[in-house]
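Worksheet: the structure to be examined is printed underneath.
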Amino acid sequence: MRKLSRDEWVAGAFEALVDGGIDALRVEPLAKRLGVTKGSFYHHFDNRRALHLALLAGWEAIGTSQIIDGVGEAAVGPAEQLRVLAHRTMQVDPYSDAIENAIRAWAATDEVVAEAAARVDATRLDYVAGLLRSIGLPAPLARRRSNMLYRILIGEFMWRRAGGPATTKREIDEIVDLLIQPTT
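If you're matching positions, the sequence shown starts at 1 in this note's numbering and goes up one per residue.
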């Protein structure tokens, strides 16, 4: 029987979470799904909760930290960074969308997951508000517009999940153009 690395366990757990929710993350069914023994699991994790925490850390890194770091590398200036961020986060990626939705559903039933989701939300909102402040918007307006963009993004996930068409590149640009407008 083959051996899995910790990262392979986490990747397999993400797939199981997407396919079957939190109940799919029981050790024995997950090991069977991955074609390994439960012993392989316990080689990398003390218990099921340790796997849960690894999933949350992976989601936070991939879905937030790596995106923010990539935006800073891809664009110069806060307006362009906001545009790159909007395009990257609103692009169609069924797997990332499914992970985001699965984590959100899980957060409704688990306080630790809800706290992680709140931390991720705060990081994302603070980043966008910071970009908007750098453009010259006053802090309260930057916060409101950051909240608006995040709500649009969450709506986009739900819209696509229900079979709706993805927001076009032109529409994303128009959203960003509206967000960066100064007050009148």
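Just so it is clear, CB atoms sit at the ideal spot from N, CA and C, and this is done for glycine as well.
Under three-state DSSP, which class holds residue i?
{"i": "Ala31", "result": "helix"}
{"i": "Asp121", "result": "helix"}
{"i": "Phe14", "result": "helix"}
{"i": "Arg2", "result": "coil"}
Give the straight-line distance between the Cα atoms of residue i and residue j, rounded to the nearest whole angstrom.
{"i": "Ala188", "j": "Gly136", "result": "Any property of residue 188 remains undetermined from this structure, which presents the chain solely from 1 to 184."}
{"i": "Leu125", "j": "Val36", "result": "40 Å"}
{"i": "Pro94", "j": "Ala11", "result": "15 Å"}
{"i": "Ala79", "j": "Asn101", "result": "28 Å"}
{"i": "Glu171", "j": "Ile67", "result": "21 Å"}
{"i": "Glu15", "j": "Met90", "result": "21 Å"}
{"i": "Phe45", "j": "Arg145", "result": "41 Å"}
{"i": "Trp106", "j": "Gly72", "result": "30 Å"}
{"i": "Thr183", "j": "Pro165", "result": "31 Å"}
{"i": "Ala31", "j": "Ile22", "result": "15 Å"}
{"i": "Gln81", "j": "Gly130", "result": "11 Å"}
{"i": "Ser5", "j": "Glu115", "result": "27 Å"}
{"i": "Trp74", "j": "Pro138", "result": "The identity of residue 74 in the sequence shown is Ala, whereas the question assumes Trp. Each residue's Cα considered, the two are about 25 Å apart."}
{"i": "Pro140", "j": "Gly77", "result": "21 Å"}
Would you check if the distance between the CB atom of residue i and the CB atom of residue j is smaller than 9 Å?
{"i": "Arg88", "j": "Val176", "result": "no"}
{"i": "Ile103", "j": "Trp59", "result": "yes"}
{"i": "His52", "j": "Val113", "result": "yes"}
{"i": "Ala196", "j": "Leu132", "result": "Only positions 1 to 184 of the chain appear in this structure, which leaves residue 196 out of reach."}
{"i": "Ile99", "j": "Gly70", "result": "no"}
{"i": "Leu188", "j": "Ala122", "result": "In the structure as shown, the chain starts at 1 and stops at 184, and residue 188 therefore has no counterpart that could be examined."}
{"i": "Asp110", "j": "Arg161", "result": "no"}
{"i": "Glu8", "j": "Leu25", "result": "no"}
{"i": "Val18", "j": "Phe41", "result": "no"}
{"i": "Thr168", "j": "Glu156", "result": "no"}
Mind listing, in chain order, the continuous alpha helix (DSSP H) runs of no fewer than 4 residues lying wholly within the region 44-70?
48-60
Please go through the region 139-182 and give each complete alpha helix (DSSP H) segment of 4 or more residues, from N-terminal end onward.
Entirely contained in the region 139-182, the alpha helix (DSSP H) runs reaching 4 residues are, in chain order, 139-161 and 169-180.
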